[in-house]
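Worksheet: the structure to be examined is printed underneath.
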Amino acid sequence: MRRPRDSKDLRERSLVARLKAGEKHVEEIETKGDLMVALVYPNGYELAGSNLGFNLSWKYLNQLERVRCERFFFDESFERFYSIDTQTPIDQFSVWAFSFHFENDIVNIMKLLLRKSVPLRNVDRSQSHPIVLFGGALCYTDLPLLNVLADVILHGDIESMLPQLNEVLRPASRSELLQAFGDLPFATVPVLGKKRESFSHCADLDFFVPVSPLICKFGEFAHKLLVEIERGCIHRCAYCMMGKLKKPARFLSLERIASVLQKHDSVGLVASNVADYPWLDELIDLLEESKVSVSVSSLRMDRLSERFLKFLKKHQKSFTVALESASERLRNVLKKDLTEEQIEKAFQLSREANFSEIKVYFMFGLEEETERDLMAIGNVARHLLELGFKTVKLSINPLVPKRGTEFEERTMQEEKILRQKMKIISSSLPARVKVHFESLKHSRIQFFINRMDEDLAEKLLLKVQQSESPERVINDVARAV
13 MRRPRDSKDL
23 RERSLVARLK
33 AGEKHVEEIE
43 TKGDLMVALV
53 YPNGYELAGS
63 NLGFNLSWKY
73 LNQLERVRCE
83 RFFFDESFER
93 FYSIDTQTPI
103 DQFSVWAFSF
113 HFENDIVNIM
123 KLLLRKSVPL
133 RNVDRSQSHP
143 IVLFGGALCY
153 TDLPLLNVLA
163 DVILHGDIES
173 MLPQLNEVLR
183 PASRSELLQA
193 FGDLPFATVP
203 VLGKKRESFS
213 HCADLDFFVP
223 VSPLICKFGE
233 FAHKLLVEIE
243 RGCIHRCAYC
253 MMGKLKKPAR
263 FLSLERIASV
273 LQKHDSVGLV
283 ASNVADYPWL
293 DELIDLLEES
303 KVSVSVSSLR
313 MDRLSERFLK
323 FLKKHQKSFT
333 VALESASERL
343 RNVLKKDLTE
353 EQIEKAFQLS
363 REANFSEIKV
373 YFMFGLEEET
383 ERDLMAIGNV
393 ARHLLELGFK
403 TVKLSINPLV
413 PKRGTEFEER
423 TMQEEKILRQ
433 KMKIISSSLP
443 ARVKVHFESL
453 KHSRIQFFIN
463 RMDEDLAEKL
473 LLKVQQSESP
483 ERVINDVARA
493 V
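Laid out in structure tokens, this is it:
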């Protein structure tokens, strides 16, 4: 007699099936190779679906001769971890490739490895274990934690890796695959003592045309085709690694964008700042002629024009800008080169374009900060209400000094000081303003992951391996350091 399936297992399968049913594939992706690669987004499905790098990696890896790549995401309730594409359990895959973009996702990666009985330290894994591979935005820096956790780290843009990955990703033993990865200039293989020699760099977006192979029903860009029109950044803010490590900025040509718009009626434009696009007026012409629905993410305030904002208002109710500080003096420290005149002009233009909702990002926790600087955030919020914005949302985050930035040698301020600063900011805000402070616990973990050395990483992973709560261990160690 057939044994009934466990109800928890059925719920897990049902959730994966329901999410897959909400996808619309715009390209046929064949999963037919004989080397099984699990591409894992270490957070929820909504974030995975909105991450163009994750979806492009799935597309590109399945173009390799011998690879069968399937997508996975993390859910706190999951135990088996079934693939989105065929509901194959992750245990059946030889390579587990984590798309690593946000430091806090390391907690979910550890949870997944522990649930599947994969040792956290690379030196403790045997031939029977999968290869644990990392790629993504956070692999543009050299995080010591990954040297202890990962079997392989791929540094840089996946597009220019593909010819060499095609030679490496073939059925073989774990040790043979590690040796093959060790020959790649853009790879770090810690257990072999092999460090990267260079970053992989995709110089020509037009050759690959970075467009998502599917449209998701859920997430920030729900029902929209994601199109990357810029990679890298033309600016060099002191707290951000994009402008420093992803230079030069590269742009998708108008001709390539036009070819995409011919086939789709709703797009999400992906860029560090859409308004930096060199042919912005021509792009607006193209979008208007194509009659497509458009969404963009955060915008830089000194690049906004009357025409662009009026165009944007036809497609979205609100818009988001990153001011970072209400003080021009502190913006200069941050190398966020925005003058008071540029900011005022952007606010005025947005109201003239009839935007009534605005979201503004701020940062706090600089050593140069004064109480007056913090109170000035409230002045900006009041001014926005006076200009006629009906909804004003503020997202306020502590400064987290990170590797690969000009601030990497700075330290993060103590929690007691940051909480005092949060009280000062909160006291300055009008009642009608909606404010969200990023979790200090999560921010501290980000800083800790960027700051720890390999010795501390070894000790951390040993503690987590023996614990039932990776998050609690990481938080306790981060607070103690």
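Its first residue numbered 13, the sequence shown is counted upward by one per residue in my numbering.
From the three backbone atoms N, C-alpha and C, an ideal C-beta is built for every residue, glycine too.
Quiz item: Below 8 Å between beta carbons: does that hold for L386 and K428?
Solution: The answer is no: Cβ separation not under 8 Å.
Exercise. Return the chain-ordered list of same chain residues with a C-beta closer than 8 Å to the C-beta of D21, the five sequence neighbours on each side being excluded.
Key: Result list for D21: E91 and R92, in chain order.
Quiz prompt | Residue nearest to E115 in terms of C-alpha spacing, selected from L157, V144 and D97 | solution = Nearest in C-alpha terms to E115, of all of L157, V144 and D97, is L157.
Quiz prompt | E58 beta carbon less than 8 Å from that of F230 | solution = A Cβ-Cβ contact shorter than 8 Å links F230 with E58.
Exercise. Put Y289 into one of helix, strand or coil per three-state DSSP.
Key: When secondary structure is reduced to three states using DSSP, Y289 falls in the coil class, being assigned neither helix nor strand.
Practice problem: Could you check if R494 is buried or exposed, using at least 16 other CB atoms within 10 Å of its CB as the buried criterion? | Solution: Residue 494 is absent from the model: the chain starts at 13 and stops at 493.
Practice problem: Please name the residue in N462, S362 and S278 whose C-alpha comes closest to that of L155. | Solution: Of the listed residues, the one whose Cα sits closest to L155 is N462.
Quiz item: According to the neighbour-count rule (16 or more other Cβ atoms, all chains shown, within 10 Å of its Cβ), is F219 buried or exposed?
Solution: Classification for F219: exposed.
Practice problem: Leaving aside the five residues before and after L196 along the sequence, list all residues of the same chain whose C-beta is less than 6 Å from its C-beta, in chain order. | Solution: Taken in chain order, the residues that qualify are Q176.
Practice problem: Determine, using beta-carbon pairs with one atom in the region 128-145 and one in the region 485-493, whether at least three such pairs fall under 8 Å. | Solution: Segments in contact, no.
Practice problem: Specify, as a first and last residue, the run of the alpha helix (DSSP H) that E466 falls within. | Solution: That run of the alpha helix (DSSP H) goes E466 to Q477.
Quiz item: Just how far apart, CA to CA, sit L126 and R248?
Solution: Looking at the two C-alpha atoms, the distance is approximately 39 Å.
Quiz item: Can you tell which of K414, S362, L430 and T423 has its C-alpha closest to the C-alpha of V404?
Solution: Of the listed residues, the one whose Cα sits closest to V404 is S362.
Quiz item: Name the DSSP beta bridge partners of N409, please?
Solution: Paired residue(s): M375.
Exercise. Would you please state the rounded distance, in angstroms, between the beta carbons of D87 and G45? I believe it to be under 8 Å.
Key: About 26 Å separates the Cβ atoms of D87 and G45, ruling out a contact at the 8 Å cut-off.
Quiz item: Does the distance from the C-beta atom of V7 to that of M313 stay below 8 Å?
Solution: Because the chain spans 13 through 493 in this model, residue 7 falls outside it and cannot be assessed.
Self-check item: 8 Å Cβ cutoff met for D502 and I246
Solution: It is not possible to answer for residue 502, since the shown part of the chain is limited to 13 through 493.
Quiz prompt | Host alpha helix (DSSP H) of L190 (start-end) | solution = R186 to F193 is the extent of the alpha helix (DSSP H) around L190.
Quiz item: Which residues in the same chain have their Cβ closer than 7 Å to the Cβ of S210, if we skip the five residues on either side of it in sequence?
Solution: Here the set comprises P197 and F198.
Quiz item: Within this structure, are the beta carbons of C81 and F112 separated by less than 8 Å?
Solution: Contact: no.
Quiz item: Looking at C-alpha atoms only, which residue of V279, L292, L295 and L321 is the closest neighbour of V304?
Solution: Checked all of V279, L292, L295 and L321; the closest Cα to V304 is V279.
Quiz item: Under the three-state reduction of DSSP, which class applies to Y57: helix, strand or coil?
Solution: The DSSP-derived three-state label of Y57 is helix.
Quiz item: Quick one: Cα of E179 to Cα of R456, how far?
Solution: Each residue's Cα considered, the two are about 40 Å apart.
Quiz item: Does the distance from the C-beta atom of N366 to that of K402 stay below 8 Å?
Solution: Contact: no.
Quiz item: Which of the three DSSP states, helix, strand or coil, is assigned to A270?
Solution: Here A270 carries a helix assignment [DSSP, helix/strand/coil].
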